[in-house]
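**Student:** Following our numbering, the numbering of the sequence shown begins with 4 at its first residue and continues without gaps.
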Amino acid sequence: MTRSPRLVPVPVFVATVLAFAASLLANTVDISPYPVTPDVPVTIQYNPAGRVLDGAPIVRLHYGFNDWSQVVSPDPVMTWNAGASVWETVITAPQTATKLDMVFNDGLGTWDNNGGSDWHAYVIGTDAEQWTMDGGLDADATLVAENNGRQLYAGIRGTTLYVAAPSATLGQDHFIFVSNGPGGQIAAPWDKLGTVAAWSAFIGNEVDSNWSGWFNASGATEVTSGPWLEGTIDLQAEFGGVPATIYVAHAAYPTSDFESLSPSFQIPASLDGDGNLEANEYVAVATSTLLVGCFPQDLDADCDRDADDFAIFAGCLNGPITPSCTKADFDEDSDVDLADYALWQQSAGDPLSGFEVIAQDLGPNVTRFYDDDADIGSLPMSLSMETTPTVLGTAEGPFAIRPVFFNSGGRHVALIDIDDNVSLYGTGEIAGPLLRNGKTTEAWNTDAYAYGAGNPSLYQSHPWVLGVREDGTAFGVLADTTFRCQIDLSIEILFAAEGPEFPIYVFEGDTPQEVITRLTDFIGRIQMPPMWALGYQQSKYSYATETQARNLANEFRNRDIPCDVIWFDIDYMDGFRIFTFNPFNFPNPTVLNNDLHAQGFHTVWMIDPGAKVEGGYHVYDQGFSGDHWVYDANNNVYTGVVWPGPCHFPDFTRPETRSWWASLYVDFMATGVDGVWNDLNEPGVFDGPGHSMPESNWHRGGGGLTPGTHSQYHNVYGMLMSRASHEGITAINPTKRPFVLSRASFIGGHRYAAMWTGDNIASWEHLNWTNAMVMNIGLSGQPFAGPDLGGFVGDGTGDMFARWMGVGVFMPFCRAHQDNTGVDKEPWSFGPSIEAANRTSIQRRYRLLPYLYTLFRESTINGLPVTRPVFFADLTDPSLRAEDKAFLLGSDLMVVPNLSENPFSAPTPSLPSGSWRTISLVGENSAADVNQPDLRVRDGAIIPAGPVMEFTGEVALDPLTLYVSLDGSGTAEGLLYEDAGEGYGYLSGDYRLAKYTAVQSGSTVTVSVETLEGTMATPVRQVNVEVVTDSGVFTATGAEVANGIIANVSL
């Protein structure tokens, strides 16, 4: 075979070479052995030919590590190697090194610093992977083309390109051509016939003469001793870096000169079979798809593990598996998720390295983080915060909890790295268990009729996570964005939101209670509700006539079942027009309300946001003349269908619209309406995408709210509506406490409305979710919540209803509700035995109202939920972290229900240790009655209780009963808060907060009282004391005093 004199082969290196970093120039600096490994001596060679130090009498190496953060001094004098015409010296990298940095000087002020770029080489551990050059295909290579069962592979590690194709056999010459852009046609190599699109380099293999080698290649190796022709070249030396696209092709010819291209061996396949290899017959491969790291987590293939690798991973997270993201799927489950992140993190070091943030100090243990390039001034105003937080200065790390911000799939993402064994809670309203570890939800208010555990989002959005560590210390993380936001707790904490960048608030505390208090310092706390709102409440879709409402009221009073509130769904309206009454079915709502008030009932009436499009209808006319409606993307008033048909929707982002909406309640409340029920305010739209408005709809904002699409304001539409309702009824009845219930809301919405858990199902599964849902809502800052007792959708059974009522009476919000089909959910609907059970349950609630009201007062002070998980009683007991059937009321009373369909096979709940003693409120025996949860008082606590009554305020709190459970030292204490139950006198001191204490001395327990706060007169009443012990209940009777001894109880 005759070789063409036009081509001069480049010398071949026999050792495998891992490519230098991009700034290390071939023929100027050489390192051996390479790569640099900690604690292994390496020789640095510097070739001064043609450079500023050419001819210098001495050359010194000035070097350091990690981008010059560690500089070695003094500079070693290098030795001249005359045979190689290079200066050389030996150095050793320390264990802390990840990068070697070098420049050269003559000691007299002349420096060669590579044109200002210096020279750099990565320092990697001994576990670095290299291309395996053994005549077999390297497993990390990527198939790029094939033809007739023959494959062409390529891969890139660092700046080293690897190519492989089947080796030549006798009588064959094989070539692999490499280019960064094939040129025009030139003569085929080695005197073959035809032409080849101009290459940059090629490897040739001719078996008959046992010759092979690279041509025009830099930093090359090749092996042909096995079934695969393998080769590597240094793309940095060849092309000055790694090009975006590399072009490769394989060709084969018979071994003699002047032979033609063999199409059957051509890879990719020939397009025209003309015996020439044209430019369009090379395969173009994006180099990003070929990158192979020196480590599995070396995603940018630079033989280092750092923030650049994480940035690549972040771009693939929760997105489609593109070719460039395949390498990030470490667990090979065809999905890049937080499980892959955990694998990446195992050997990638600190994932926060290189991701800078802005950290603002907002007070003790509260930090607000932004991405370091965030334009803070342009971000939307926070709607979760009650007031604008004051920035005290820059927060100084280190931080136990801090986010990494990045972009992925068109969304802004915040990833919070957490320790192992952290228990996660919160995320607001979501179906499922209390413990949220491993769960993924979406903050996007959704009309989720008959929802299930698979619903990623429900009616309210709370982009908030509470974390509790093994030692009981805690933290909370709030993503302050109103846009659609994924909350992924599968391994770490991840928020991924559409829209602009958003801040992350981190709250730290010694306990989860401290964290919730700090959270509510910022997002606000509830006001004291009217006492009647804590009573039992009855609803149905719908009590559609005045007669039905009056009959319902009479049934409650005749059956001796306590009830405070009757609710009216949409059928009271005139043709579903909001702020109207059906003139035939409700001819005189004022008289109806007055009569119900006389029986001790309050009334709550539904108001939806959609206003019927109808001239002459006052709401439509005023909304149109005041320009109060939401617009569509084409700047037309948006029309969507709800109950009355085509409707317009108020733009609650406008202060003028909220004021107008508030004014609509003037005539409405004048009829004697006591409270307002804002429903369908996600907003639900029957003919809209996703049963809501188009996200392109337009809100005009004002008062600090910027104009924006519905994508920005969807999650707060319900909250802004309930705010307008709250402000309206407060202004109309300034001496009464407002009551608003809202189906849709956002974190911070508790400032304006209570909430319920939406259209649940009458099933045992939904019954078993009740406690967890209410607790997680409470752990997200909303203490006033509850379910539709009995389930809204479907009939259920009498046993289920009784069991649901039994536990539901201990929820902060206590209301039974039913859809417009099937069995009603009045306490007596399933017959006498279920009626008796429900009567007992509701009477138990009314006896506990003094304690519940005190808990609501506590929540206005410190933000703690009324209903709490049992792990609050012992933060270090891991067995309690997932318990969500039993729960605490406040800190002193535990509710232990049986929620199993088969009560005799119910799992044993995990309960806190200590002497929790059972009490009986109305003569019930919870040990023998599966419908009545066990009520257990914490040792060392005193629980105040009142008499049974038909409705709140029917009788005074007389007698007051104190349930006393002594601790091991023979003491106990408890608080009782009292005020008028209505109005705002309590804000000026017209209330009484008293502490009751019990101390045992011998066989006598002395019970005393101390008035702690308030100017309310000491009530004149009887006080019954029941000391509950392990051996029985001991009683005494005394009289209330302002301060002093009430009674002595003999044991």
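Quick reminder that beta carbons are idealized off the backbone N, C-alpha and C, glycines included.
#1: Is the number of C-beta pairs between the segment 725-741 and the segment 410-420 that are closer than 8 Å three or more?
#2: Please classify I249: is it buried, with 16 or more other beta-carbons within 10 angstroms of its beta-carbon, or exposed?
#3: Smallest Cα separation from A85: which of P60, G809, T393 and A100?
#4: Looking only at its chain, what residues have a beta carbon closer than 8 Å to the beta carbon of L969, apart from the 5 residues adjacent to it on each side?
#5: Between N865 and T520, which are expected to be in contact by the criterion C-beta below 8 Å, what is the C-beta distance as a whole number of angstroms?
#6: As an exercise, report each continuous alpha helix (DSSP H) stretch of at least 4 residues that is fully enclosed by the segment 71-158, in chain order.
#7: Could you pull out every unbroken beta strand (DSSP E) segment of at least 3 residues lying fully inside the segment 255-327, listed in chain order?
#8: So what's M609 in DSSP terms, helix, strand or just coil?
#9: Is the beta carbon of Q175 closer than 7 Å to that of A255?
#10: Could you tell me the alpha carbon to alpha carbon distance between A1055 and F655, rounded to whole angstroms?
#11: Pick helix, strand or coil for I581, following the three-state DSSP scheme.
#12: Bridge partners of A200, per DSSP?
#13: Cβ atoms of R414 and L427: under 7 Å apart, would you say?
#14: Could you tell me the alpha carbon to alpha carbon distance between E262 and A289, rounded to whole angstroms?
#15: Tell me which residues share the same chain as N279 and place their Cβ nearer than 6 Å to its Cβ, disregarding the 5 neighbours each side in the sequence.
#16: So G731 is in the alpha helix (DSSP H); what residue range does that whole segment cover?
#17: Does S968 come out as helix, strand or coil in the three-state DSSP assignment?
#18: How is L979 classed by DSSP in three states: helix, strand or coil?
#19: When you compare the CB positions of S725 and S745, do they come within less than 7 Å of one another, or not?
#20: Check whether the segment 230-238 touches the segment 166-174, taking contact to mean three or more Cβ pairs, one atom from each stretch, closer than 8 Å.
#21: Span of the beta strand (DSSP E) holding L497?
#22: Out of R806, G322, V633 and G781, which one is the CA nearest neighbour of L792?
#23: Are the beta-carbon atoms belonging to L996 and E1016 less than 7 Å from one another?
#24: Let's test the definition: count the other Cβ atoms within 10 Å of the Cβ of L1 and tell me whether it reaches 16, buried, or not, exposed.
#25: Can you say whether T1040 is buried or exposed, counting buried as having 16 or more other CB atoms within 10 angstroms of its CB?
#26: Excluding five sequence neighbours on each side, which residues of the same chain lie with their C-beta closer than 6 Å to the C-beta of C319?
#27: Would DSSP call R850 helix, strand or coil?
#28: Are the segment 750-765 and the segment 707-715 touching by the rule of at least three beta carbon pairs closer than 8 Å?
#29: Going by Cα to Cα distance, which pick from D524, A282, P868 and Q516 is closest to T393?
#30: What is the DSSP secondary structure of F742, counted as helix, strand or coil?
#31: Counting only runs that start and end within the segment 864-902, where is the beta strand (DSSP E) found for 3 or more residues in a row?
#32: What does the Cβ neighbour count give for S542, buried or exposed, with the cut at 16 atoms within 10 Å?
#33: Let's test the definition: count the other Cβ atoms within 10 Å of the Cβ of L990 and tell me whether it reaches 16, buried, or not, exposed.
#34: So F954 and F604 are supposed to be a Cβ contact under 8 Å. How far apart are they, rounded?
#35: Counting only the same chain and skipping the five closest in sequence on each side, list residues whose C-beta sits under 8 Å from that of A3.
#36: Hey, how far is the Cα of A124 from the Cα of K102?
**Tutor:** Let me spell this out:
#1: Under the Cβ criterion (8 Å, minimum of three pairs), the segment 725-741 does not count as touching the segment 410-420.
#2: Start at 1 with the first residue of the sequence shown, and residue 249 comes out as number 246. Taking all protein chains shown into account, I249 has 16 or more neighbouring C-beta atoms within 10 Å of its C-beta and is therefore buried.
#3: On the sequence shown, position 82 is the one that residue 85 refers to. If we check each option's Cα against that of A85, P60 comes out closest.
#4: Counted from its first residue, the sequence shown places residue 969 at position 966. The beta carbon of L969 sits closer than 8 Å to the beta carbons of D942, G943, A975, A1001, Q1003, V1008, V1030 and T1032 from its chain, once the five residues preceding and following it are set aside; these are given in chain order.
#5: For this step, residue 865 is matched to residue 862 along the sequence shown. For this step, residue 520 is matched to residue 517 along the sequence shown. About 5 Å; that satisfies the 8 Å criterion.
#6: You should have found no qualifying run.
#7: The segment 255-327 contains these whole beta strand (DSSP E) runs: 286-289.
#8: Locating residue 609 in the sequence shown gives position 606, counting from the first residue. In the three-state scheme derived from DSSP, where H, G and I count as helix and E and B as strand, M609 is classed as strand.
#9: The residue given as residue 255 occupies position 252 in the sequence shown. The residue given as residue 175 occupies position 172 in the sequence shown. With a cutoff of 7 Å on beta-carbon distance, A255 and Q175 are scored as near each other.
#10: Outside the shown range of the chain, which is 4 to 1054, sits residue 1055, and nothing can be said about it.
#11: Residue numbering aside, residue 581 sits at position 578 when the sequence shown is read from its first letter. Residue state, collapsed to three classes: coil.
#12: Taking the sequence shown and counting its residues from 1, the one referred to as residue 200 is at position 197. DSSP lists Q188 as partners of A200.
#13: Locating residue 427 in the sequence shown gives position 424, where the first residue counts as 1. Locating residue 414 in the sequence shown gives position 411, where the first residue counts as 1. No; because the gap between Cβ atoms is not below 7 Å, this pair is not in contact.
#14: As a working mapping, residue 262 is identified with position 259 in the sequence shown. As a working mapping, residue 289 is identified with position 286 in the sequence shown. Taken atom to atom, the span from the alpha-carbon of E262 to that of A289 is near 33 Å.
#15: To locate residue 279, count along the sequence shown from 1; it is residue 276. The beta carbon of N279 is closer than 6 Å to those of G197 and T198 in its chain, skipping five residues each way along the sequence.
#16: One-based indexing of the sequence shown puts residue 731 at position 728. Taken as a continuous stretch (DSSP letters only), the alpha helix (DSSP H) holding G731 covers H713 to I735.
#17: In the sequence shown, the residue the question calls residue 968 occupies position 965. Strand.
#18: The residue labelled residue 979 in the question sits at position 976 within the sequence shown. Judged by DSSP in its simplified three-state form, L979 adopts strand.
#19: Sequence index remark: in the sequence shown, residue 725 carries index 722 (1-based). Sequence index remark: in the sequence shown, residue 745 carries index 742 (1-based). Cβ atoms of S725 and S745: closer than 7 Å.
#20: Yes, the segment 230-238 touches the segment 166-174.
#21: For the purposes of this step, residue 497 is identified with residue 494 of the sequence shown, where counting begins at 1. That run of the beta strand (DSSP E) goes I496 to A500.
#22: Within the sequence shown, the letter at position 789 stands for residue 792. The shortest C-alpha to C-alpha distance from L792 to any of R806, G322, V633 and G781 is the one to R806.
#23: Working through the sequence shown from its first residue, we reach residue 996 at position 993. Working through the sequence shown from its first residue, we reach residue 1016 at position 1013. For the pair L996 and E1016, the CB atoms are nearer than the 7 Å cut-off.
#24: There is simply no residue 1 to check, as the chain begins at 4 and stops at 1054 in what is shown.
#25: For the purposes of this step, residue 1040 is taken as the residue at position 1037 of the sequence shown. Residue burial annotation: T1040 is exposed, with fewer than 16 other C-beta atoms found within 10 angstroms of its C-beta.
#26: Taking the first residue of the sequence shown as position 1, residue 319 is located at position 316. Its chain contains C328, A331 and V339 as the residues whose beta carbon lies nearer than 6 Å to that of C319, once the 5 sequence neighbours on both sides are disregarded; these appear in chain order.
#27: Mapped onto the sequence shown, residue 850 falls at position 847. In the structure shown, the three-state DSSP call for R850 is helix.
#28: The segment 750-765 vs the segment 707-715: no contact.
#29: By one-based count along the sequence shown, residue 393 stands at place 390. Nearest of D524, A282, P868 and Q516 to T393, Cα basis: D524.
#30: Along the sequence shown, read from residue 1 onward, the residue named residue 742 stands at position 739. Residue state, collapsed to three classes: coil.
#31: Here the runs fully enclosed are 890-892 and 896-899.
#32: The residue given as residue 542 occupies position 539 in the sequence shown. S542 comes out buried.
#33: The residue you call residue 990 lines up with position 987 of the sequence shown. Classification for L990: exposed.
#34: As a working mapping, residue 954 is identified with position 951 in the sequence shown. As a working mapping, residue 604 is identified with position 601 in the sequence shown. Contact flag correct, Cβ pair sits at about 7 Å.
#35: Beyond the ends of the chain as shown, which are 4 and 1054, falls residue 3; an answer cannot be given.
#36: As a position in the sequence shown, residue 124 is number 121, starting the count at 1. As a position in the sequence shown, residue 102 is number 99, starting the count at 1. Between the alpha carbons of A124 and K102 lies a gap of roughly 6 Å.
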